[in-house]
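For the sequence shown, the positions run 1 to 360 when the UniProt record's numbering is used.
Backbone N, C-alpha and C fix where the C-beta goes; we use that ideal spot for every residue, glycine too.
Some notes on the structure that comes next.
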Amino acid sequence: MSGGAPLPPSQMDLQKVVEVQFEMFKEKQIKDYAVCLVEHAKSYERGQPVRGGINDLRMGTTDFEFACETCHRKHPECPGHFGYIDLAEPVFNIGVFDIVLQVLKCVCKSCGALLMDTNDPQVHKKLQHLTGVNRLRQVVKMCGMKCRMSTDATTPEEAVVARGCGATQPRIGRYLGIYPTLIIKATLEEQDMVWHADTARQVLDRVSDEDARVMGFDALRCHPRDLVLTVLPVPPPQVRPAISFGSLKSDDELTHQIMSIVKRNNQLRKDKESDVQVAVDRSRALLQEHVAAYFNNASMYYKPTKVNDTKKLKSLTERLKGKYGRLRGNLMGKRVDFSARTVITGDPNIDVDEVGVPFS
């Protein structure tokens with residue numbers, strides 16, 4: 001028995017896959033890929049999907065009564081299409097928060113230049129065989145606490161723009177606690193400052209492509225600025241189908257979480273217009289917490305979000321990883337006829353070059 005919906009055959013030519021390259025889903029890519037902006041924390045109104053809501057018909061539908069407004073197919077022929085949420089403020093991606101901290105330790109918070117001399121032959125010698133995260137960790141060890149003025153000029157006559165501003169750097173770290181939250185602690189002259197994602201984004205935006213490559217990034221596929229979220233992709237209803245009980249329907253946990261994110265995002269936008277700092281800080285913290293729980297509800301940064309008194313939210317990460325996740329449990333999981341598995345073992349009663357197989 002085959003599972004899934006029969007999709008129409010593709011018209012593309014068959015090609016051999018040579019390699020698979022992963023990269024961060026950038027803001028422009030998300031907006032180009034999406035079919036609608038999700039801005040209303042509603043799914044249905046008077047029995048109809050709300051336009052601009054979390055079940056907008058442009059993203060597809062799992063309801064046999066309606067047709068998709070993008071591909072004009074009904075369920076189950078429509079595969080679904082992504083939407084997006086335009087965030088009122090940047091938020092941290094909980095999956096790469098540690099990498100953001102390491103990058104901020106490497107660059108000047110004023111001009112974005114690396115806190116090391118990239119022209120030093122010893123630097124190239126130590127980094128030449130390192131890539132990715134290992135390269136970034138080595139750069140963190142080699143960076144200082146002051147942005148040095150440097151230039152590529154070899155003679156005074158050469159007109160080369162100097163890099164670096166000479167500013168003293170704050171010490172970057174995280175707050176300690178049972179649930180430390182996604183907030184950066186910047187300490188300068190024994191004074192602690194709280195940095196949110198918008199401040200981190202401004203610093204990372206100043207990092208040049210050349211310095212990003214020195215830290216181990218491929219600037220075309222993943223610049224450090226792409227590690228901070230400014231828009232959030234919304235999966236189609238096919239990823240989070242509603243459960244039907246006769247004439248009643250119950251939305252999926254992810255749908256409820258997306259609804260909460262839209263509510264907090266709209267509230268933050270209103271609070272910023274009213275210019276009440278206490279309300280802005282509260283709404284910003286709640287938005288960050290809801291987005292973090294949406295990605296990973298089993299992290300050390302936040303107390304797990306609960307759907308009800310006993311059940312925790314099953315986030316995207318928990319749906320993908322583990323023995324019963326989407327990869328190992330579904331894509332790699334197989335059940336076939338005329339096969340079995342058992343334990344084979346050595347035994348004192350058989351030869352050294354033999355193994356025993358149970359009869360049953």
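Just the C-alpha distance for residue 368 and Ile85, rounded to the nearest angstrom, thanks.
Examination of residue 368 is not possible in this model, given that the chain is present from 1 through 360 alone.
How close, in whole Å, do the beta carbons of Leu115 and Val107 come, if the pair is a contact with beta carbons under 8 Å?
The residue you call residue 115 lines up with position 115 of the sequence shown. The residue you call residue 107 lines up with position 107 of the sequence shown. Correct: roughly 7 Å between the Cβ atoms.
For the stretch 125-144 and the stretch 200-218, state whether three or more C-beta atom pairs, one from each stretch, are separated by less than 8 Å.
Here the stretch 125-144 makes contact with the stretch 200-218; the two share three or more CB pairs at distances below 8 Å.
Who are the Cβ neighbours of Leu316 in its own chain at under 8 Å, not counting the five residues just before and after it?
In the sequence shown, residue 316 corresponds to position 316, counting from 1. For Leu316, the CB contacts under 8 Å within the same chain, skipping 5 residues up- and downstream, are Leu254, Tyr294, Phe295 and Asn296 in chain order.
Relative to the C-alpha of Asp252, which candidate in Glu210, Gln191 and Lys314 has its C-alpha closest?
Stepping through the sequence shown from its first residue, residue 252 is reached at position 252. Here the closest residue by C-alpha is Lys314.
Give me whichever residues DSSP pairs with Ala186 in a beta bridge.
Sequence index remark: in the sequence shown, residue 186 carries index 186 (1-based). Paired residue(s): Ile172 and Met193.
Whole angstroms is fine: what's the gap from Ile178's alpha carbon to Met300's?
In the sequence shown, the residue the question calls residue 178 occupies position 178. In the sequence shown, the residue the question calls residue 300 occupies position 300. Approximately 8 Å between the Cα atoms of the pair.
Going residue by residue through the UniProt domain "RNA polymerase N-terminal" (225-360), where are the continuous beta strand (DSSP E) segments of at least 3 residues, counting only ones entirely within it?
228-234, 243-245 and 248-250
Could you tell me the distance, in whole angstroms, from the CA atom of Lys249 to the CA atom of Cys71?
Looking up residue 249 in the sequence shown gives position 249. Looking up residue 71 in the sequence shown gives position 71. Looking at the two C-alpha atoms, the distance is approximately 25 Å.
In the structure shown, what three-state DSSP assignment does Gln102 receive?
In the sequence shown, residue 102 corresponds to position 102, counting from 1. It is helical.
Can you give me the C-alpha to C-alpha distance between Leu127 and Leu104, rounded to a whole angstrom?
Position 127 of the sequence shown, counted from the first residue, corresponds to residue 127. Position 104 of the sequence shown, counted from the first residue, corresponds to residue 104. Those two C-alpha atoms are separated by around 19 Å.
Contact between the stretch 280-290 and the stretch 258-265: three or more CB pairs below 8 Å?
Contact holds: three or more Cβ-Cβ distances are below 8 Å.
Unbroken alpha helix (DSSP H) run spanning Pro121, endpoints:
By 1-based counting over the sequence shown, the position of residue 121 is 121. Element bounds for Pro121: Pro121 to Leu127.
Should residue 368 go down as buried or exposed, given a rule of 16 or more other Cβ atoms within 10 Å for buried?
Shown here, the chain extends from 1 to 360; a query on residue 368 therefore has no answer.
If I measure Cβ to Cβ from Cys222 and keep anything under 7 Å in the same chain, skipping five residues before and after, which residues do I get?
Against the sequence shown, residue 222 aligns to sequence position 222. Within the same chain, Cys222 has close Cβ partners Glu23 and Met24.
What are the boundary residues of the beta strand (DSSP E) that includes Tyr84?
Taking the sequence shown and counting its residues from 1, the one referred to as residue 84 is at position 84. Looking at the DSSP string, the run of the beta strand (DSSP E) that includes Tyr84 is Gly83 to Phe92.
Count Cβ pairs between the stretch 165-173 and the stretch 73-85 that sit closer than 8 Å; are there 3 or more?
Touching, no, given that fewer than three Cβ pairs across the two stretches are closer than 8 Å.
Could you round the C-beta distance between Leu229 and Ala88 to whole angstroms and report it? I think they count as a contact, below 8 Å.
As a position in the sequence shown, residue 229 is number 229, starting the count at 1. As a position in the sequence shown, residue 88 is number 88, starting the count at 1. Contact doesn't hold; Cβ gap of about 12 Å is too wide.
Keeping to the same chain, check which residues put their C-beta closer than 7 Å to that of Met259; ignore five residues upstream and five downstream.
Counting from one through the sequence shown, the residue named residue 259 turns up at place 259. The residues are Ala41 and Ile54.
Going straight from the alpha carbon of residue 361 to that of Ala298, what length do you get?
Nothing about residue 361 can be reported from this structure: the residues present for the chain run from 1 to 360 only.
Taking Thr187 and Tyr302 to be in contact with their CB atoms under 8 Å, please state how far apart those CB atoms are, rounded to whole angstroms.
As a first step, residue 187 is located in the sequence shown; it is residue number 187 there, counting from the start. As a first step, residue 302 is located in the sequence shown; it is residue number 302 there, counting from the start. Separation of the CB atoms of Thr187 and Tyr302 is rounded to 23 Å, and the pair is thereby denied contact status at 8 Å.
For Lys334, is the classification buried or exposed, using 16 other Cβ atoms within 10 angstroms of its Cβ as the cut-off for buried?
Against the sequence shown, residue 334 aligns to sequence position 334. Answer is exposed; the Cβ neighbour count stays below 16.
Does Lys16 come out as helix, strand or coil in the three-state DSSP assignment?
Along the sequence shown, read from residue 1 onward, the residue named residue 16 stands at position 16. Lys16 sits in coil when the DSSP states are folded into three classes, being neither helix nor strand.
Using a 10 Å radius around the Cβ and a threshold of 16 neighbouring Cβ atoms, would you call Pro237 buried or exposed?
Against the sequence shown, residue 237 aligns to sequence position 237. Pro237 is buried by the Cβ-count criterion.
With DSSP as the reference, label Gly33 as helix, strand or coil.
Counting from 1 along the sequence shown, the entry for residue 33 is found at position 33. A small correction: the amino acid at residue 33 is Tyr; Gly does not occupy that position in the sequence shown. The answer is helix: DSSP assigns Tyr33 an H, G or I state.
Give me the DSSP bridge partner(s) of Val107.
Mapped onto the sequence shown, residue 107 falls at position 107. Within the DSSP bridge table, the entry for Val107 names Leu114 as partners.
Nearest-angstrom Cα distance between Lys321 and Ile184?
Position 321 of the sequence shown, counted from the first residue, corresponds to residue 321. Position 184 of the sequence shown, counted from the first residue, corresponds to residue 184. Rounded to whole angstroms, Lys321 to Ile184 spans 28 Å at the Cα level.
What is the DSSP secondary structure of Glu77, counted as helix, strand or coil?
Walking along the sequence shown from the start, residue 77 turns up at place 77. The answer is coil: DSSP assigns Glu77 none of H, G, I, E or B.
Of the residues Asp226, Ser339 and Val352, the one placed nearest Phe92, counting alpha carbons only:
In the sequence shown, the residue the question calls residue 92 occupies position 92. When each option's Cα is compared against that of Phe92, the closest is Asp226.
Can you list, in chain order, the residues of its chain whose CB lies under 7 Å from that of Val355, leaving out five sequence neighbours each side?
Walking along the sequence shown from the start, residue 355 turns up at place 355. Excluding positions up to five away in sequence, the list reads Ile344, Thr345 and Gly346.
Would you identify the three-state DSSP class for Ala167, choosing helix, strand or coil?
Locating residue 167 in the sequence shown gives position 167, counting from the first residue. It is coil, neither helix nor strand.
Candidates Val280, Glu318, Pro224 and Asp351: which alpha carbon is nearest Gly132's?
For this step, residue 132 is matched to residue 132 along the sequence shown. Selected option, being the one with the closest Cα: Pro224.
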